[in-house]
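Going by our numbering, 108 is the number at position 90 of the sequence shown; the sequence numbering is gapless. Ideal placement from N, C-alpha and C gives every residue a C-beta, glycine not left out. Only one structure is covered here, and it is reproduced in the block below.
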Amino acid sequence: DGNGAAINALKDGTIDALYIYADQMNNFIQSGNALATGLGTDFAYIQTGLDQFSYNGTTLAISKRGSGLAEVFNPCIDKVLRTQAYRDVCESFFDPSSCIGSDESGTTLFYDVAMNERTDTFTCADGYCTCAGV
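If you want it as structure tokens, here you go:
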């Protein structure tokens, strides 16, 4: 039933942990969705900065382990994700908040930064715990 059912299960104690994209709650907050109620008080993210396409099972390329393809491919993907051309294509199909890599100004979004590299001021009270806050 999607993220809504999963978030409700987390909130009512049916489950203890949940894996969803780090922008999901931010999207709910921006849209005024009641599912965001309790973020930072009743529940919070404890890990962010995992590129959604590389950790959720989306396959961009398949190769033998140790082939070196990742070392060639990943810098290219990162470079493309930070271009206006990527944003234009992504936003022609999806809401801008769903386009990974950067916001409209080209700034990397706080939830796209690895936990141990974050320099933002968000805390567990905001719903986005830092390593020190967990």
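Going by DSSP in three states, tyrosine 104 sits in which element: helix, strand or coil? helix
Once you ignore the five residues that flank aspartate 60 on each side, which residues in its own chain have a CB closer than 7 angstroms to its CB? Lys29
Going by DSSP in three states, tyrosine 61 sits in which element: helix, strand or coil? In the sequence under discussion, the amino acid at residue 61 is phenylalanine, which differs from the tyrosine named in the question. Phenylalanine 61: strand per DSSP, three-state reduction.
What is the DSSP secondary structure of tyrosine 39, reduced to helix, strand or coil? coil
Pick out whichever of Ser81, Asp144, Val98 and Thr148 has its Cα sitting closest to the Cα of asparagine 44. Asp144
Where do the ends of the alpha helix (DSSP H) carrying glycine 7 lie? Because the chain is modelled from 19 through 152, residue 7 falls outside the range shown and cannot be assessed.
Rounded C-alpha distance that separates threonine 101 from cysteine 117: Each residue's Cα considered, the two are about 11 angstroms apart.
In whole angstroms, what is the alpha-carbon distance linking tyrosine 37 and serine 81? 26 angstroms
Is isoleucine 25 buried or exposed, if buried means 16 or more other CB atoms sit within 10 Å of its CB? buried
Residue burial classification, aspartate 130 (beta-carbon count within 10 angstroms, cutoff 16): buried
Restricting to Cα atoms, I'd like to know which of Ser85, Phe111 and Cys147 is closest to phenylalanine 128. Selected option, being the one with the closest Cα: Cys147.
Comparing C-alpha positions only, which one of Ala23, Ala103 and Phe111 sits nearest to threonine 32? The option with the nearest alpha carbon to threonine 32 is Ala23.
Cβ neighbour criterion (16 or more within 10 Å) applied to aspartate 106: exposed
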